[in-house]
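Participant: If you're matching them up, the sequences are chains A and B in order. Letter by letter, the first sequence follows residues 1 to 93 in full-length UniProt numbering. Letter by letter, the second sequence follows residues 1 to 93 in full-length UniProt numbering. For each residue, glycine too, the CB sits at the ideal point set by N, CA and C. If you're wondering where the values come from, they're calculated on a predicted model, not measured in any experiment. Right, I'll just put the structure down here and ask away after.
2 protein chains.
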Amino acid sequence: MITIVARSIIKKDKVEEFRKLAEELVRESQKEEGCISYNLFEDIKESNAFTFIEEWKDMEAIEKHNKAVHFTTIVPKFGDLREESTVNLYKRV
Amino acid sequence: MITIVARSIIKKDKVEEFRKLAEELVRESQKEEGCISYNLFEDIKESNAFTFIEEWKDMEAIEKHNKAVHFTTIVPKFGDLREESTVNLYKRV
C-alpha cells in the first residue's frame with residue numbers, strides 16, 4: 001500500500017471553485033479499482049489549505065490514476081487556483 | 001474526527017534512533033481511548049522523512065494525548081533528531 005498526502009494552499013477567492021472540483025475528483029477516484037481510500041481534508045487552522053489523503057494498492061494503481069480521465073481533466077484546473085502545493089508518497093513503517 | 005499529519009525530516013545519522021522512539025509512540029498512542037488510528041509512514045523518495053498520520057475522535061482526545069506520559073516523554077526527544085517538522089490538523093470535507 002502507498003499513501004499519498006497532497007497539500008494545497010488555495011487562493012482565498014478560489015476556495016469554492018477548488019472544493020467543487022476536488023469533491024468530484026474524490027468521487028471519481030474512489031471508484032478506481034486500486035484505490036483503497038481517497039479523501040479531502042480542510043486544515044482546521046487555515047481555511048484555504050486542503051489536503052488529499054489517498055491510499056493506493058501499489059504504484060501501478062497510482063500510474064493508472066494519473067492517466068484516468070477525471071485526473072487529467074480536473075487536476076490541471078487546480079493550477080490556477082493554487083498558491084502552492086506539496087505531494088509526498090509514503091509507505092507504512 | 002480530527003486528522004493530524006505530522007511530517008519530520010530526520011538528521012541522516014539519527015534515523016534509527018528516531019524510528020525506535022516513533023514506533024514506541026505509535027504503540028502507546030494506539031492504546032488511547034480517543035485514538036481512531038495512529039501510524040508512522042516513511043517517505044518513499046526521502047528515506048529520512050517520516051510522517052505520523054493520526055485520527056482522533058475530537059480535540060479533547062488530542063489534548064489528553066498531548067499530556068499522556070508516552071507523549072511527554074518521547075516527543076521532546078525528537079527535538080535533537082529532527083532538522084524540521086510540520087504539523088497540520090484537518091477535518092474531513
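Indicate the three-state DSSP secondary structure (helix, strand or coil) for Val75(B) in the structure shown.
Facilitator: The residue you call residue 75(B) lines up with position 75 of the second sequence. Helix.
Participant: Starting from Lys64(B), trace the alpha helix (DSSP H) both ways and give me its first and last residue.
Facilitator: Here residue 64(B) refers to the residue found at position 64 when the second sequence is read from its first residue. Lys64(B): member of the alpha helix (DSSP H) spanning Met59 to Lys67, first to last residue.
Participant: Please check if any C-beta of chain B sits within less than 8 Å of the C-beta of Ile36(A).
Facilitator: On the first sequence, position 36 is the one that residue 36(A) refers to. Cβ-Cβ to chain B under 8 Å: no for Ile36(A).
Participant: Take Lys14(B) and list the residues in its own chain whose beta-carbon comes closer than 7 Å to its own, dropping the five residues that flank it on each side.
Facilitator: The residue given as residue 14(B) occupies position 14 in the second sequence. Counting only Cβ-Cβ distances below 7 Å, and skipping sequence neighbours, we find Leu81.
Participant: Tell me where the alpha helix (DSSP H) around Leu21(B) begins and ends.
Facilitator: Your numbering for residue 21(B) matches position 21 in the second sequence. Element bounds for Leu21(B): Val15 to Gln30.
Participant: Looking at Met59(B): is its Cβ nearer than 8 Å to the Cβ of Ile36(B)?
Facilitator: Looking up residue 59(B) in the second sequence gives position 59. Looking up residue 36(B) in the second sequence gives position 36. The answer is no: Cβ separation not under 8 Å.
Participant: Taking only the alpha-carbon atoms, compute the straight-line gap between Thr72(B) and Lys77(A) and give it to the nearest angstrom.
Facilitator: One-based indexing of the second sequence puts residue 72(B) at position 72. One-based indexing of the first sequence puts residue 77(A) at position 77. So the alpha carbons of these two residues sit roughly 44 Å apart.
Participant: Using a Cβ-Cβ cutoff of less than 6 Å, which residues in the same chain neighbour Phe18(A) once the five nearest sequence positions on both sides are dropped?
Facilitator: Within the first sequence, the letter at position 18 stands for residue 18(A). Taken in chain order, the residues that qualify are Ile10 and Leu81.
Participant: Taking 8 Å as the threshold (beta carbon to beta carbon), is Arg92(A) in contact with chain B?
Facilitator: Counting from 1 along the first sequence, the entry for residue 92(A) is found at position 92. By this cut-off, Arg92(A) is an interface position.
Participant: Let me confirm a value: Arg7(B) is counted as buried when at least 16 other C-beta atoms fall within 10 Å, else exposed. Which label applies?
Facilitator: Locating residue 7(B) in the second sequence gives position 7, counting from the first residue. Classification of Arg7(B): buried, given that the 10 Å Cβ count is 16 or more.
Participant: In this structure, does DSSP put Lys91(B) in helix, strand or coil?
Facilitator: Within the second sequence, numbered from 1, the residue matching residue 91(B) stands at position 91. Lys91(B) falls in the strand class under three-state DSSP.
Participant: Checking 8 Å against the spacing of the C-beta atoms, do Leu89(A) and Lys45(B) come in under that value?
Facilitator: Here residue 89(A) refers to the residue found at position 89 when the first sequence is read from its first residue. Here residue 45(B) refers to the residue found at position 45 when the second sequence is read from its first residue. Cβ atoms of Leu89(A) and Lys45(B): closer than 8 Å.
Participant: Take Gly34(A) and list the residues in its own chain whose beta-carbon comes closer than 8 Å to its own, dropping the five residues that flank it on each side.
Facilitator: For the purposes of this step, residue 34(A) is taken as the residue at position 34 of the first sequence. Only Trp56, Lys57, Asp58, Glu60, Ala61, Ile62, Lys64 and His65 meet the Cβ criterion.
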